[in-house]
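Enquirer: Got a structure for you, written out below as structure tokens; questions coming shortly.
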Amino acid sequence: MILSIYHEVVKLTSQKKHYIMLIGFAFLMFLMVLVFRHIHDDLQKMSGNMVKGMPYFLSMLVNDPAKLCDGLMFARFSGFILFWVVMPIFSFMFAGESIASELQDGTLRVYLSRGYSRTRLVIAKFVSVFLIILFYTMVFAVLNMLVGITFFGLSKMQITLFMGAPGEVPSNVGLVSANKAIVSYYCAALYSAFALSATSSVSFLISAFVKRMSVAATGGMVFFFVSFILQFVFAQYAKEIEPFLITRVMDGYTQMFTIDAINWDSIIKSAAVMCLYWSVCITVPVMVLNIREY
Amino acid sequence: MNDCVLTVENVVKSFGKFKALDGASLSIPKGSIFGIIGPNGAGKSTLLRIVTSLAHPDSGRVTVNGIDVESSPKKALAGTGAIVDSPAFYPDLSARLNLDILSRGHGKKYRARREELAEYTGIAGWMNHRVREFSLGMRQRLAITLALLPDSSFVILDEPTNGLDPSGIVDIRNLIRNLGADLGATVLVTSHMLGEIEKICSNLAILNHGQIAAEGKMEDILRRSPVTLIRTTEPGRAEALLKETFGPRIISLKLKENEENVLRVETSDDCAAELNETLVKNGFSVSMLENEPDRLERIFLQLTGGESAVRNEVRS
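Here it is as structure tokens:
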């Protein structure tokens with residue numbers, strides 16, 4: 001199995017779309033630095049307007065708000081776009097590529113003509129897609145933070161964000177140490193990698209049925225955006241299915257931005273839904289590959 | 295049966311109402327280079343797909359080295375390397391990585407065999423190049439190397455000379471022909487190029503409408519209703535003499551079109567030597583006596599009904 005996974009990773013990493021990913025990431029960083037510089041400058045102009053009797057963290061916000069708008073805050077802001085927009089697209093591409101492109105090129109036929117286990121092949125492909133997503137998520141998370149610190153420095157205290165249940169408006173604001181914030185940032189990135197794996201598994205499932213990776217990737221994206229619209233636009237009409245929406249699972253990573261108030265109940269529920277996606281999106285391709293003739 | 299690498303017994307495979315294979319049976323002896331020919335839609339690809347477990351038969355049985363392909367595909371195909379359809383590779387990976395991934399080979403012994411085979415098939419200098427840079431001929435060589443890895447003794451090649459230039463065809467032909475002698479491999483090859491099959495294969499099966507129309511050693515099949523071309527003086531008199539002497543053994547005897555003084559004699563058995571002897575003894579001068587070329591093509595057209603189809607086309 002390890003050999004199979006290694007081979008699948010080698011195949012995935014040989015593709016030119018990695019350059020597109022890196023260019024896309026660099027472009028995102030460039031835009032985010034431009035935007036964040038404006039926010040930073042605006043906050044600096046507000047400095048010194050001290051209000052008496054204000055709690056410490058709020059007074060700090062008002063006295064020197066630019067200090068809170070540092071590299072880690074940049075990483076958390078751009079991480080939102082990275083984990084919600086850029087990485088899902090790349091994940092759909094990799095997962096959609098997995099089976100469909102081999103069907104399209106004919107390499108799957110060469111492989112299967114040797115009587116190798118089709119179940120093992122599907123699992124190896126799924127694991128390799130996850131490993132690639134995990135690798136890019138973590139590498140981009142590191143680069144994202146490094147870019148932020150390089151341009152905006154790192155404050156000792158960090159403002160907490162996104163408290164409360166996923167999708168809710170922050171109900172509380174506080175300060176945590178930079179160390180705690182960094183740990184929570186990487187936990188969020190790690191969670192995102194798992195959530196992205198569950199999200200992209202829809203493309204993986206479709207890729208077992210179609211011969212074109214573009215169809216599988218687009219199918220996954222459509223599923224993702226429909227889920228997004230249901231959760232955030234028509235939430236009141238989709239209460240029954242809301243816990244199972246993939247965007248709801250993705251949203252769970254925001255819980256990690258504050259260590260002090262992680263909603264473990266929500267995380268566990270999200271993990272259960274992730275497992276459901278993984279199970280369905282591995283089992284169906286296994287069945288398809290074992291039944292289908294090539 | 296034990297000397298057979300592949301045995302196909304009464305295999306039936308339908309796609310809706312269309313029967314791609316209709317009780318096809320054949321057996322491939324160990325060490326042979328076995329050719330399968332047939333018109334388009336005869337069932338060649340379907341048969342190869344069933345043999346390689348890419349498709350499942352409706353009924354019938356396929357065994358490789360005595361192991362049932364349907365019930366234990368991995369075990370049955372352990373020593374089999376197949377290239378069904380055109381050779382497909384990962385274009386952005388090197389030839390070496392392609393071989394490793396598609397053959398799932400690993401270990402020191404495998405690596406030694408891989409390099410040895412690359413040397414044998416003439417791609418040793420290209421092992422680090424990406425497959426994208428390979429010509430079609432090089433891809434075919436790579437496909438043959440792949441089929442022999444990790445430790446295959448039974449190689450299935452589907453149209454291996456398709457799309458190659460004449461020198462490429464000769465190279466691949468020689469390579470396939472030598473596989474048995476040099477590596478002890480049994481080769482199953484399909485092709486539309488009948489001349490190539492005739493030159494490469496020791497055994498042959500002709501597939502038509504999903505059934506085996508003929509199967510056996512190449513020489514035995516070619517011996518069926520052999521045609522001899524004889525250039526002699528006074529062909530009219532020679533024709534009468536031969537008809538009288540050989541009687542029913544002669545199936546047809548006529549002057550060959552567009553050739554001067556050449557008789558085309560189709561006989562029920564191979565009797566070229568006797569024909570020559572009779573003519574010489576009766577004072578005829580025989581300046582040429584040879585088997586008609588494209589014998590396989592003629593037999594193929596006879597067995598598959600292609601000849602009558604061509605005639606009907608000409609008439610209409």
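These protein sequence lines are chains E and U, in that order. Be aware that the first sequence starts at 1, since it is given in our numbering, and climbs by one per residue. Be aware that the second sequence starts at 295, since it is given in our numbering, and climbs by one per residue. Note that beta-carbon positions come from the ideal geometry of N, C-alpha and C, so glycine has one too.
(1) Go through its chain and collect everything with a Cβ distance to E/A217's Cβ below 6 Å, but skip five positions before and after it.
(2) Between which two residues does the beta strand (DSSP E) harbouring E/N144 extend?
(3) Enumerate in chain order the residues of its own chain whose CB-to-CB distance from E/M21 is below 8 Å, with the five nearest sequence positions on each side excluded.
(4) Can you tell which of U/L477, U/D297, U/G335 and U/R405 has the C-alpha that lies nearest to the C-alpha of U/L391?
(5) The beta strand (DSSP E) with E/D265 in it runs from where to where?
(6) Curious, which full-length alpha helix (DSSP H) runs of at least 4 residues does the segment 438-468 of chain U contain?
(7) If you reduce the DSSP assignment to three classes, tell me which class U/I417 lands in.
(8) Who are U/C298's beta bridge partners in DSSP?
(9) Of the choices E/C281, E/L121 and E/E102, whose alpha-carbon is the least far from that of U/R398?
(10) Closest to U/E490 by CA distance: which of U/L393, U/I466 and U/V378 is it?
(11) Unbroken beta strand (DSSP E) runs of length 3 or more, entirely within the segment 480-532 of chain U: which are they?
(12) Please classify E/M274: is it buried, with 16 or more other beta-carbons within 10 angstroms of its beta-carbon, or exposed?
(13) Per the DSSP calculation, U/D362 is bridged to which residue(s)?
(14) Could you give the DSSP three-state label for E/A208: helix, strand or coil?
(15) If I follow the unbroken beta strand (DSSP E) through U/L547, where does it start and stop?
(16) Name, please, each residue of chain E whose Cβ falls closer than 7 Å to the Cβ of U/H350.
(17) Going along the segment 421-448 of chain U in order, which residues come within less than 8 Å of chain E, judged by CB to CB distance?
(18) U/G332 to U/R408, Cα distance in whole Å?
(19) In chain U, which residues lie less than 9 Å from E/L131 when you measure between Cβ atoms?
(20) What does the alpha-carbon distance come out to for the pair E/R84 and E/G153?
(21) Note down the Cα distance separating E/F77 from U/I417, rounded to an integer number of angstroms.
(22) Is it buried or exposed for E/E8, if we count other Cβ within 10 angstroms and need 16 for buried?
(23) Give the residues of chain U in contact with E/Y237, contact being defined as C-beta atoms less than 8 Å apart.
(24) Report all residues from its chain with a CB closer than 8 Å to the CB of E/R118; omit the five preceding and five following residues, and keep chain order.
(25) To which residues does DSSP link U/D316 through a beta bridge?
(26) Please report the distance separating the alpha-carbon of U/N481 from that of U/E509.
(27) Are the segment 452-465 of chain U and the segment 315-326 of chain U in contact at 8 Å, needing three or more beta carbon pairs?
(28) So, is the C-beta of E/T150 closer than 7 Å to a C-beta in chain U?
(29) Mind checking the segment 1-18 of chain E against chain U and listing, in chain order, the residues whose C-beta falls within less than 8 Å of any C-beta there?
(30) Could you please give me the residues that DSSP links to U/A412 through a beta bridge?
(31) Taking E/T247 as the reference, give the member of E/D265, E/F228 and E/K239 with the closest Cα.
(32) With a CB to CB cut of under 7 Å and the five nearest residues on each side skipped, what residues in its chain are close to E/V169?
(33) Identify whether U/R398 lies in helix, strand or coil by the three-state DSSP scheme.
(34) Is it buried or exposed for E/G115, if we count other Cβ within 10 angstroms and need 16 for buried?
(35) Out of curiosity, what's the CA-to-CA distance linking E/S14 and U/L387?
(36) Between E/H18 and the rest of its own chain, which residues show a CB-CB distance below 6 Å, the 5 nearest in sequence each way excluded?
Expert: Looking at the coordinates:
(1) The count along the first sequence starts at 1 and reaches residue 217 of chain E at position 217. Result list for E/A217: F92, M93, G96 and S203, in chain order.
(2) Counting from 1 along the first sequence, the entry for residue 144 of chain E is found at position 144. The continuous stretches of beta strand (DSSP E) do not include E/N144, which lies in the alpha helix (DSSP H) extending over residues R118 to F152.
(3) The sequence position of residue 21 of chain E within the first sequence is 21, counting from 1. The answer, listed in chain order, is F90 and Y136.
(4) Locating residue 391 of chain U in the second sequence gives position 97, where the first residue counts as 1. If we check each option's Cα against that of U/L391, U/R405 comes out closest.
(5) Within the first sequence, residue 265 of chain E is the residue found at index 265, counting from 1. For E/D265, no beta strand (DSSP E) run applies; the uninterrupted alpha helix (DSSP H) run containing it begins and ends at W264 to I291, by DSSP.
(6) none
(7) Start at 1 with the first residue of the second sequence, and residue 417 of chain U comes out as number 123. Looking at U/I417 - three-state DSSP - the assignment turns out to be coil, as it is neither helix nor strand.
(8) Mapped onto the second sequence, residue 298 of chain U falls at position 4. In the DSSP output, where bridge partners are listed per residue, U/C298 has U/P323.
(9) In the second sequence, the residue the question calls residue 398 of chain U occupies position 104. For the set E/C281, E/L121 and E/E102, the Cα lying nearest the Cα of U/R398 is the one of E/L121.
(10) As a first step, residue 490 of chain U is located in the second sequence; it is residue number 196 there, counting from the start. It is U/I466 whose Cα lies nearest to the Cα of U/E490.
(11) 480-484, 497-502, 505-511 and 521-526
(12) Reading the first sequence from its first residue, position 274 is the one you call residue 274 of chain E. By the 10 Å Cβ count, E/M274 comes out buried.
(13) Mapped onto the second sequence, residue 362 of chain U falls at position 68. BP columns for U/D362 point to U/T357.
(14) Reading the first sequence from its first residue, position 208 is the one you call residue 208 of chain E. Collapsing the DSSP output to three states places E/A208 in coil.
(15) Along the second sequence, one-based indexing puts residue 547 of chain U at 253. U/L547 -> beta strand (DSSP E) spans I544 to L549.
(16) Position 56 of the second sequence, counting from 1, holds the residue named residue 350 of chain U. The answer, in chain order, is E293.
(17) Listed by position, the residues of the segment 421-448 of chain U near chain E (Cβ gap below 8 Å) are L440.
(18) Translated into the one-based positions of the second sequence, residue 332 of chain U becomes position 38. Translated into the one-based positions of the second sequence, residue 408 of chain U becomes position 114. When rounded, the distance between both Cα atoms is 34 Å.
(19) Here residue 131 of chain E is taken as the residue at index 131 of the first sequence, counted from 1. The premise fails here: E/L131 is roughly 16 Å from chain U at the closest Cβ pair, so nothing lies under 9 Å.
(20) On the first sequence, residue 84 of chain E is found 84 positions in, with the first residue counted as 1. On the first sequence, residue 153 of chain E is found 153 positions in, with the first residue counted as 1. The question names Arg, but residue 84 of chain E in the sequence shown is Trp. The straight-line gap from Cα to Cα measures roughly 25 Å.
(21) Taking the first residue of the first sequence as 1, we reach residue 77 of chain E at position 77. Taking the first residue of the second sequence as 1, we reach residue 417 of chain U at position 123. If you take the alpha carbons of E/F77 and U/I417, they lie about 52 Å apart.
(22) The sequence position of residue 8 of chain E within the first sequence is 8, counting from 1. By the 10 Å Cβ count, E/E8 comes out buried.
(23) Along the first sequence, read from residue 1 onward, the residue named residue 237 of chain E stands at position 237. Residues of chain U passing the Cβ test: none, with the nearest at roughly 44 Å.
(24) As a first step, residue 118 of chain E is located in the first sequence; it is residue number 118 there, counting from the start. Only L112, V286, L289 and N290 meet the Cβ criterion.
(25) Numbered from its first residue, the second sequence carries residue 316 of chain U at position 22. Looking at the DSSP assignment, U/D316 forms a beta bridge with U/V306.
(26) Numbered from 1 along the second sequence, position 187 holds the residue referred to as residue 481 of chain U. Numbered from 1 along the second sequence, position 215 holds the residue referred to as residue 509 of chain U. The sequence shown places Val at residue 481 of chain U, rather than the Asn named in the question. Cα to Cα, the separation comes out at about 16 Å.
(27) no
(28) Against the first sequence, residue 150 of chain E aligns to sequence position 150. Cβ-Cβ to chain U under 7 Å: no for E/T150.
(29) L3, S4, H7, V10, K11, S14, Q15 and K16
(30) Residue mapping note: residue 412 of chain U aligns to position 118 of the second sequence, counting from 1. BP columns for U/A412 are empty, so no partner.
(31) Translated into positions along the first sequence, residue 247 of chain E becomes position 247. Out of E/D265, E/F228 and E/K239, E/F228 has the C-alpha closest to the C-alpha of E/T247.
(32) On the first sequence, residue 169 of chain E is found 169 positions in, with the first residue counted as 1. Unreliable placement is indicated for E/V169, whose pLDDT of 48 sits below 50; the coordinate value is still reported in the next sentence. The answer is none, since no qualifying residue turns up.
(33) Looking up residue 398 of chain U in the second sequence gives position 104. Here U/R398 carries a coil assignment [DSSP, helix/strand/coil].
(34) Taking the first sequence and counting its residues from 1, the one referred to as residue 115 of chain E is at position 115. Per the 10 Å Cβ criterion, buried.
(35) Numbered from 1 along the first sequence, position 14 holds the residue referred to as residue 14 of chain E. Numbered from 1 along the second sequence, position 93 holds the residue referred to as residue 387 of chain U. If I take the Cα positions, the gap works out to 7 Å.
(36) Numbered from 1 along the first sequence, position 18 holds the residue referred to as residue 18 of chain E. Nothing meets the Cβ criterion.
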